[in-house]
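Here's the structure, in structure tokens; my notes come after.
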């Protein structure tokens, strides 16, 4: 399976802390990889568990898959 992505962001803990302070959030202050999937909804739902599995195999924590437009907007306040 090939992942179809429209955005990728890699943030260090310093940036996450700054985002938390600027937006009054409490995201875990740790290196963070953000991916935005593109494609039809069914395909993005297939991609999410694959990415979650890959992340967990490499010590990834706190996987979040946002579907709701407002939830997506909230997550992308990082960038």
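Residue numbers (this note's numbering): 539 to 617.
Where a beta carbon is used, it is the ideal one built from N, C-alpha and C, also for glycine.
Distance between beta carbons of residue j and residue i, contact taken as under 8 Å
| i | j | result |
| --- | --- | --- |
| residue 601 | residue 590 | 5 Å |
| residue 567 | residue 558 | 7 Å |
| residue 548 | residue 571 | 5 Å |
Residues bridged to residue i (per DSSP)
| i | result |
| --- | --- |
| residue 570 | 549 |
| residue 543 | 575 |
Distance between residue j and residue i (C-alpha atoms, nearest Å)
| i | j | result |
| --- | --- | --- |
| residue 587 | residue 565 | 21 Å |
| residue 608 | residue 614 | 10 Å |
Member of the options whose CA lies at the smallest distance from the CA of residue i
| i | options | result |
| --- | --- | --- |
| residue 604 | 596, 594, 595, 583 | 583 |
| residue 611 | 594, 578, 573 | 573 |
| residue 597 | 613, 569, 579 | 569 |
| residue 540 | 609, 615, 581, 614 | 581 |
| residue 542 | 593, 613, 595, 579 | 579 |
Continuous alpha helix (DSSP H) stretch holding residue i: start and end
| i | result |
| --- | --- |
| residue 609 | 607-613 |
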